[in-house]
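Novice: The structure's right below; bear with me while I get my questions together.
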Ligand code: SAM
Ligand code: SF4
Ligand code: SF4
């Protein structure tokens, strides 16, 4: 595979004014973006801070003590987050994922979860409410999260070997504590299986060739038959600080081949439209998928773009709305809901519910982002777009 270096682009990320359209846009769940994609999934970043320094996300050299993290006054309050989320749900969002930074570092996160758990879709159904965490605080927080109404969690875990794991998180955090946090999540019933299906507890492993690819098989063996779904994520060129190189990406097809050689797999149907993970089930003695052995997922963000089905919006900790993981500009919803001056100096009264829904509707209607598709169609040394890309630790996965 030829080496490909994405150059660092040093320009300030643009903030766009979230304008109020002249014609109101009703929140009726029928919203489609500029490429006909519905809005179903909202990811909310609740902090830009983290206690890990995974080199693919928050390299120590950049995210040091002088890094300008957001001040507390810049963060959306829990009430503001819930207000924005309510508007998204009225527009058709069915799933909310809390992320970060490390979401469990946000004080009293369970209070936010309790507020979000009260929201209902226009059909009166509860949301699929989940959270992605590095697992370091799960032992401490699992019970409170479950009691607040969280359904399930995804735990990021890049290897089982303690030395490899400590190197990956780069703060010398022991793997045993994450595994213990995972056990705590199971013990309180987070992600408990519904109707004999797989557990809602998922494990995310980012595979970086040459760093932790030798952990693929030990991870697969460990989680096979556990009821938990292990998902392998291709190392992505997100942000502008991780020094991403194509030769460090291990394509999902290679991961599947590797596991299949020892533990045979068959491909399974996607669980939902817009699902990012391709599903592969372990084969039992009868040559068919054996649900007791479970399944793995592969997320091929680099080698197989899934922009065509992308139904996700992302809300940053400070209330900027991003239409794509690789966006270089965000829409300022905080000024709109607080009625404070917008980046262009304009001042509005705090937006009403109808105005907020209209503004969100207009932003989604204008969305044409499809970064991964464009990247796949370009020569290896080309870049897509200009401007400074958002960091994963700022916007979440
Ligand atoms: N701190 C939490 C965690 O690690 O689970 C939540 C935030 S983290 C940014 C969300 C997910 O993004 C994690 O599963 C992480 O492994 C993944 N991630 C971060 N940087 C990545 C990259 N460059 N490529 C692929 N996945 C990445
Ligand atoms: Fe922190 Fe998660 Fe990023 Fe690792 S991937 S540095 S745990 S935010
Ligand atoms: Fe969605 Fe952007 Fe990822 Fe494509 S590149 S799948 S549009 S987030």
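In my numbering, the protein residues as written are 146 to 542.
By construction, the Cβ of each residue, glycine as well, lies at the ideal position given by its N, Cα and C atoms.
If I measure Cβ to Cβ from residue 279 and keep anything under 6 Å in the same chain, skipping five residues before and after, which residues do I get?
Specialist: Once the five neighbours on either side are set aside, the close Cβ partners of residue 279 are 197, 247, 301.
Novice: Quick check on DSSP: helix, strand or coil for residue 291?
Specialist: Correct three-state label for residue 291: helix.
Novice: For residue 263, does the count of other Cβ atoms within 10 angstroms reach 16, so buried, or fall short, so exposed?
Specialist: By the neighbour-count rule (16 or more Cβ atoms within 10 Å), residue 263 is not buried but exposed.
Novice: Measuring only the C-alpha atoms, how far is residue 495 from residue 347?
Specialist: Going from the Cα of residue 495 to the Cα of residue 347 covers about 39 Å.
Novice: Under the DSSP definition of a beta bridge, which residues are partnered with residue 186?
Specialist: Paired residues: 240, 457.
Novice: Could you spell out the range, first to last residue, of the alpha helix (DSSP H) harbouring residue 258?
Specialist: 254 to 262 is the extent of the alpha helix (DSSP H) around residue 258.
Novice: Does the pairing of the region 399 to 409 with the region 353 to 362 give three or more beta-carbon distances under 8 Å?
Specialist: Verdict: yes, contact present.
Novice: If you check the beta carbons only, do residue 473 and residue 539 fall under 9 Å apart?
Specialist: Not a contact, by the Cβ cut-off of 9 Å.
Novice: Buried or exposed for residue 169, going by 16 or more other Cβ atoms inside 10 Å?
Specialist: Label assigned to residue 169: exposed.
Novice: Under three-state DSSP, which class holds residue 509?
Specialist: It is helical.
Novice: Any idea what DSSP makes of residue 152, helix, strand or coil?
Specialist: The predicted model places residue 152 with a pLDDT of 34, which falls under 50 and marks its position as unreliable; any figure quoted below should be read in that light. Residue state, collapsed to three classes: coil.
Novice: Using the C-alpha atoms, what's the distance from residue 174 back to residue 235?
Specialist: Looking at the two C-alpha atoms, the distance is approximately 6 Å.
Novice: For residue 187, which residues in the same chain have their Cβ closer than 6 Å to its Cβ, ignoring the five residues on either side in sequence?
Specialist: Closer than 6 Å at Cβ, skipping near neighbours: 233, 238, 241, 458.
Novice: Considering only C-alpha positions, which residue in the set 296, 349, 356 is nearest to residue 331?
Specialist: Considering only alpha carbons, the answer is 296.
Novice: Determine the direct distance from the alpha carbon of residue 318 to that of residue 309, and round the result to whole angstroms.
Specialist: Going by the C-alpha atoms only, they are around 10 Å apart.
Novice: For residue 352 and residue 227, what's the separation of their Cα atoms in angstroms?
Specialist: Spanning the two alpha carbons is a distance of roughly 34 Å.
Novice: Just to check, is the beta-carbon of residue 470 closer than 8 Å to a non-hydrogen atom of ligand 3?
Specialist: Answer for residue 470: yes, Cβ within range of ligand 3.
Novice: Between which two residues does the alpha helix (DSSP H) harbouring residue 322 extend?
Specialist: Start and end: 320 to 332.
Novice: Across which residues does DSSP place residue 440 in a beta bridge pair?
Specialist: In DSSP, residue 440 forms a bridge with 426.
Novice: Return yes when the C-beta of residue 543 is under 8 Å from any heavy atom of ligand 3, and no when it is not.
Specialist: Because residue 543 is not part of the residues shown, which for the chain are 146 to 542, the question remains open.
Novice: Does residue 298 come out as helix, strand or coil in the three-state DSSP assignment?
Specialist: Residue 298: strand per DSSP, three-state reduction.
Novice: The beta strand (DSSP E) that contains residue 412, what's its start and end?
Specialist: 410 to 413 is the extent of the beta strand (DSSP E) around residue 412.
Novice: Would you kindly report the start and end of the unbroken alpha helix (DSSP H) that includes residue 227?
Specialist: Its alpha helix (DSSP H) spans residues 223 to 235.
Novice: Would residue 282 and residue 255 be called neighbours here (beta carbons separated by less than 9 Å)?
Specialist: Not closer than 9 Å, so no.
Novice: From the DSSP output, in three-state form, read off residue 157 for me.
Specialist: Interpretation of residue 157 is limited by its pLDDT of 40, a score under 50 that renders its predicted location unreliable; the figure taken from the coordinates is listed afterwards. Residue 157 falls in the coil class under three-state DSSP.
Novice: According to DSSP, what are the bridge partners of residue 210?
Specialist: Looking at the DSSP assignment, residue 210 forms no beta bridge with any residue, so it has no partner.
Novice: Beta strand (DSSP E) containing residue 379: first to last residue?
Specialist: Looking at the DSSP string, the run of the beta strand (DSSP E) that includes residue 379 is 374 to 379.
Novice: Can you list every residue whose CB sits closer than 5 Å to some heavy atom of ligand 2, going in chain order?
Specialist: Residues with a Cβ closer than 5 Å to any heavy atom of ligand 2, in chain order: 195, 197, 199, 202, 203, 279, 538.
Novice: For residue 489, count neighbouring Cβ atoms within 10 angstroms of its own Cβ and tell me buried if that reaches 16, exposed if not.
Specialist: Answer is exposed; the Cβ neighbour count stays below 16.
Novice: Quick one: grab the DSSP three-state call for residue 177.
Specialist: Three-state result, residue 177: strand.
Novice: DSSP three-state call for residue 347: helix, strand or coil?
Specialist: Correct three-state label for residue 347: strand.
Novice: Would residue 543 pass as a contact of residue 382 if the rule is Cβ separation under 9 Å?
Specialist: In the structure displayed, the chain extends from 146 to 542; residue 543 sits before or after that span and is not available.
Novice: Under the rule that 16 or more other beta-carbon atoms within 10 Å means buried, what is residue 434, buried or exposed?
Specialist: Under this definition residue 434 is a buried residue.
Novice: Evaluate residue 423 with the Cβ neighbour count: other Cβ atoms within 10 Å of its Cβ, from every protein chain shown; 16 or more gives buried, anything less gives exposed.
Specialist: With 16 or more Cβ atoms within 10 Å of its Cβ, residue 423 is classed as buried.
Novice: Which residues bound the beta strand (DSSP E) around residue 476?
Specialist: Where residue 476 is concerned, the enclosing beta strand (DSSP E) stretches over 474 to 477.
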